[in-house]
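Enquirer: Residue numbers (my numbering): 25 to 361.
Let me begin by handing over the structure; questions about it come next.
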């Protein structure tokens, strides 16, 4: 593998095998770091061998969706080992990525200087613009709903669209900011649709779509989108957001036990994310577990001291079908309006 990497000038090699047994096929895959020979990821996929072309597309999409987060993690670890004075724009974005993905103000504040440095090196870097939009989205919703953060989120999103018409991730991040902070869901789904045309296996696009649909009260669609994202990438850094979308959607549908389970899975995926505990508190109220709901509510305020649910709902343009019952449950849990 090291020789393959040197000869082809590549960093990762995907290898695998196909075995048949009657009407079923098993495809085994492993991703290898060509520089070190280390295994980054491995999995196997079993399918009925009916339509071989549909099977080929299904396997290819599943593999791409599954390995993308593994490659991202491996690249982030690689960049951590580099000297700060040797970082280029791509490396700076990777170094910022875990803090961007956290969704919490202190960490995105640390990410922004890295992204701004990347943009001084490469002003047209769409992914840096998209991640900067996500940082300002987080600061807008969780650090005081300041108008300058909302405006910056939308401006960076538009720059990502302008500079990255062929970058599925940049389009996805831009769509999120346009939908959540620009309150323009039509523009958001135009961007997400373009991202899926480029890369149908991008799990983040489906997860982001699920979140936007969840706040819009489109519960069935939100569940479908987020579940699709999790099938493509079960261990995605954004898994918590997929579970948040499911929790609020099950809440709208009156399926409160399922809303609790989804919220608990979100807490497990990202225990430092305040909105997750908001979802959990509301669902626990609905199943009669008031004491536990108040514990979750206290965690919301610990992570997000300025939290007021009416302001949060206005910030994301929350649909009344969700805002009314969710607000009632959050009030019962002891969270301030």
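For each residue, glycine too, the CB sits at the ideal point set by N, CA and C.
#1: Under 7 angstroms Cβ to Cβ from residue 324, same chain only, skipping five residues before and after it: list those, please.
#2: Roughly how many angstroms lie between the CA atoms of residue 307 and residue 291, to the nearest whole one?
#3: In chain order, what residues of the same chain lie with their CB nearer than 6 angstroms to the CB of residue 146, ignoring the 5 residues before and after it?
#4: With a cut-off of 8 angstroms on the beta carbons, I'd call residue 125 and residue 262 a contact; round off their distance for me.
#5: Check whether the stretch 264-271 and the stretch 234-252 are in contact - that is, three or more C-beta pairs closer than 8 angstroms.
#6: Hey, quick one: how far does the beta strand (DSSP E) through residue 69 stretch, first residue to last?
#7: Assuming contact is defined by CB atoms lying nearer than 9 angstroms, are residue 339 and residue 227 in contact in what I supplied?
#8: Using the rule of at least 16 other Cβ atoms within 10 Å of the residue's Cβ for burial, across every protein chain shown, is residue 259 buried or exposed?
#9: Using DSSP bridges, identify the partner residues of residue 40.
#10: Would you call the stretch 210-218 in contact with the stretch 64-79, where contact means no fewer than 3 C-beta pairs closer than 8 angstroms?
#11: Which one or two residues does DSSP pair with residue 45 in a beta bridge?
#12: Hey, quick one: how far does the alpha helix (DSSP H) through residue 190 stretch, first residue to last?
#13: Please classify residue 93 as buried or exposed, where buried requires at least 16 other C-beta atoms within 10 Å of its C-beta.
#14: Are the beta-carbon atoms belonging to residue 137 and residue 241 less than 9 angstroms from one another?
#15: Is it buried or exposed for residue 178, if we count other Cβ within 10 angstroms and need 16 for buried?
#16: Could I get the ranges of all uninterrupted beta strand (DSSP E) runs contained in the stretch 281-347, with 3 residues as the minimum, in chain order?
#17: Look at the Cβ atom of residue 175, then the Cβ atom of residue 152, and state whether they are nearer than 9 angstroms.
#18: Under the assumption that residue 198 contacts residue 184 (Cβ atoms under 8 angstroms), give the Cβ distance between them as a whole number of angstroms.
#19: Taking the alpha carbon of residue 256 as the point to measure from, which residue in 229, 275, 320 has its own alpha carbon closest?
#20: I believe residue 194 touches residue 188 by the beta-carbon criterion, under 8 angstroms. Please report the beta-carbon distance rounded to the nearest angstrom.
#21: Between 246, 132, 205, which has its C-alpha nearest residue 296's C-alpha?
#22: For residue 203, which option in 163, 157, 168 has the closest C-alpha, if you only look at C-alpha atoms?
#23: Under 9 angstroms between the Cβ atoms of residue 62 and residue 35?
#24: Name the residue from 43, 170, 160, 149 whose alpha carbon lies nearest to the alpha carbon of residue 73.
Expert: A quick look at the data gives this:
#1: For the purposes of this step, residue 324 is identified with residue 300 of the chain shown, where counting begins at 1. Excluding sequence neighbours, residue 324 sits near 298, 301, 302, 305, 331, 359.
#2: Counting from one through the chain shown, the residue named residue 307 turns up at place 283. Counting from one through the chain shown, the residue named residue 291 turns up at place 267. Looking at the two C-alpha atoms, the distance is approximately 13 angstroms.
#3: Within the chain shown, numbered from 1, the residue matching residue 146 stands at position 122. Hits under 6 angstroms: 113.
#4: Within the chain shown, residue 125 is the residue found at index 101, counting from 1. Within the chain shown, residue 262 is the residue found at index 238, counting from 1. That pair is a contact at about 7 angstroms.
#5: Three or more beta-carbon pairs drawn from the stretch 264-271 and the stretch 234-252 are found closer than 8 angstroms, and the two stretches are therefore classed as touching.
#6: As a working note, residue 69 is residue 45 in the chain shown. Residues 63-72.
#7: Indexing the chain shown from 1 puts residue 339 at position 315. Indexing the chain shown from 1 puts residue 227 at position 203. No.
#8: Mapped onto the chain shown, residue 259 falls at position 235. Its Cβ having fewer than 16 others within 10 Å, residue 259 is exposed.
#9: By one-based count along the chain shown, residue 40 stands at place 16. The partner list for residue 40 (beta bridge, DSSP) reads 53.
#10: no
#11: The residue given as residue 45 occupies position 21 in the chain shown. BP columns for residue 45 point to 48.
#12: Residue 190 sits at position 166 when you count from the first residue of the chain shown. First-last for residue 190: undefined, no H or E at that position.
#13: Here the question's residue 93 lines up with position 69 in the chain shown. So residue 93 counts as buried.
#14: By one-based count along the chain shown, residue 137 stands at place 113. By one-based count along the chain shown, residue 241 stands at place 217. No.
#15: The count along the chain shown starts at 1 and reaches residue 178 at position 154. Buried: at least 16 other Cβ atoms inside 10 Å.
#16: none
#17: Position 151 of the chain shown, counting from 1, holds the residue named residue 175. Position 128 of the chain shown, counting from 1, holds the residue named residue 152. No; because the gap between Cβ atoms is not below 9 angstroms, this pair is not in contact.
#18: Within the chain shown, the letter at position 174 stands for residue 198. Within the chain shown, the letter at position 160 stands for residue 184. Confirmed, Cβ separation roughly 4 angstroms.
#19: One-based indexing of the chain shown puts residue 256 at position 232. Nearest of 229, 275, 320 to residue 256, Cα basis: 229.
#20: Within the chain shown, the letter at position 170 stands for residue 194. Within the chain shown, the letter at position 164 stands for residue 188. Indeed they touch by this definition, with Cβ atoms about 3 angstroms apart.
#21: Looking up residue 296 in the chain shown gives position 272. Residue 296 has its Cα closest to that of 132, out of 246, 132, 205.
#22: For this step, residue 203 is matched to residue 179 along the chain shown. When only C-alpha atoms are compared, the closest one is 157.
#23: In the chain shown, the residue the question calls residue 62 occupies position 38. In the chain shown, the residue the question calls residue 35 occupies position 11. Cβ atoms of residue 62 and residue 35: not closer than 9 angstroms.
#24: Position 49 of the chain shown, counted from the start, is the residue given in the question as residue 73. For the residues 43, 170, 160, 149, the minimum Cα distance to residue 73 belongs to 43.
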